[in-house]
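Presented below is the structure to which this report refers.
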Amino acid sequence: MKKLIAKDLLRIRAVFFRPEEPFIWASGIKSPVYCDNRLTLSDVAVRNDVEQGLAELVKTYYPEAEILMGTSTAGIAHAAIVGHIMGLPMGYVRSSAKDHGRGNQIEGRLLPGQKVVVIEDLISTGGSVLDVVKVLREAGAEVLGVASIFTYGMKKGLDRMAEADVKNVSLTNFDVIAEVAAESGYIRKEDVARLIAFRNNPADESWIGA
Numbered sequence: 002m003k004k005l006i007a008k009d010l011l012r013i014r015a016v017f018f019r020p021e022e023p024f025i026w027a028s029g030i031k032s033p034v035y036c037d038n039r040l041t042l043s044d045v046a047v048r049n050d051v052e053q054g055l056a057e058l059v060k061t062y063y064p065e066a067e068i069l070m071g072t073s074t075a076g077i078a079h080a081a082i083v084g085h086i087m088g089l090p091m092g093y094v095r096s097s098a099k100d101h102g103r104g105n106q107i108e109g110r111l112l113p114g115q116k117v118v119v120i121e122d123l124i125s126t127g128g129s130v131l132d133v134v135k136v137l138r139e140a141g142a143e144v145l146g147v148a149s150i151f152t153y154g155m156k157k158g159l160d161r162m163a164e165a166d167v168k169n170v171s172l173t174n175f176d177v178i179a180e181v182a183a184e185s186g187y188i189r190k191e192d193v194a195r196l197i198a199f200r201n202n203p204a205d206e207s208w209i210g211a
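All residue numbers in the sequence shown are consecutive under our numbering, ending with 211.
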């Protein structure tokens with residue numbers, strides 16, 4: 002599954018590799034990789050692989066799930082489709098409460114004590130998904146964990162998730178995508194070490210000139 006999804010993401014260019022001309026994230030981190038999983042929604046075959054894969058993750062790792070909650074906005078469509086496949090209700094969590102109407106931050110019906118799985122597109126430092134988990138817990142939900150399409154596996158993200166006692170399972174990860182990209186000729190084999198060096202310590206930019 003990890004390699005299948007990695008190949009899917011590379012084929013539709015949802016993952017871009019640019020080690021010679023790094024992308025700059027909103028946080029200011031320079032990255033050799035940019036991942037846009039929203040593109041998976043536009044390719045029917047890839048979308049099917051992703052949604053069936055997420056459904057399998059939920060069934061395997063969170064069999065007690067009673068409702069799916071997508072992150073806003075990237076996880077909403079995936080939560081809806083996976084919920085349809087599994088016959089589960091879904092909703093989503095806004096980044097902040099609405100300033101009009103009922104002022105909701107959680108959209109959809111969530112009952113206290115319900116067992117929730119959060120659907121996310123990617124995990125980097127873990128900040129945004131942990132904000133969602135916090136909102137759900139404060140609303141009385143029992144958050145079983147997160148199911149995501151892709152994780153960078155950054156130490157900061159892993160540490161933050163562990164500290165918050167939040168489990169994540171992903172369809173694929175940074176290491177597998179780097180490996181498949183080298184095998185498929187998207188990047189040079191010698192670039193894999195540079196990519197892993199970035200993943201291990203994004204603050205150390207020595208990989209740029211390596």
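For each residue, glycine too, the CB sits at the ideal point set by N, CA and C.
- Distance from the Cα of Ser73 is smallest, within the candidate group Asp50, Gly92 and Leu58, for Gly92.
- For Ser185, the enclosing alpha helix (DSSP H) starts and ends at Phe175 to Ser185.
- Proximity to Met155 across Ser96, Leu137 and Asn202 peaks at Asn202, based on C-alpha coordinates.
- Look at Ile30 here: in three-state DSSP terms it is coil, with no helix or strand label.
- When beta bridges are read from the DSSP output, Tyr62 appears opposite no residue.
- In the assembly as shown, Asp160 is an exposed residue. Its beta-carbon has fewer than 16 other beta-carbons within 10 Å.
- Within the same chain, Cβ atoms closer than 8 Å to the Cβ of Arg14 are found at Leu40, the five residues on either side in sequence being excluded.
- In the three-state scheme derived from DSSP, where H, G and I count as helix and E and B as strand, Ile13 is classed as coil.
- With 16 or more neighbouring CB atoms inside 10 Å of its own CB, Pro33 falls in the buried class.
- Assignment of alpha helix (DSSP H) within the stretch 125 to 161, counting only whole runs of 4 or more residues, yields 128 to 139 in chain order.
- In this structure, Ile82 sits near Glu52, with a CB-CB distance shorter than 8 Å.
- Going by DSSP, Gly84 is part of the alpha helix (DSSP H) stretching over Ile77 to Met87.
- In the DSSP secondary-structure assignment, Asn169 is bridged to Val147.
- The C-beta distance from Gly127 to Gly158 rounds to 4 Å, short enough to fall under 8 Å.
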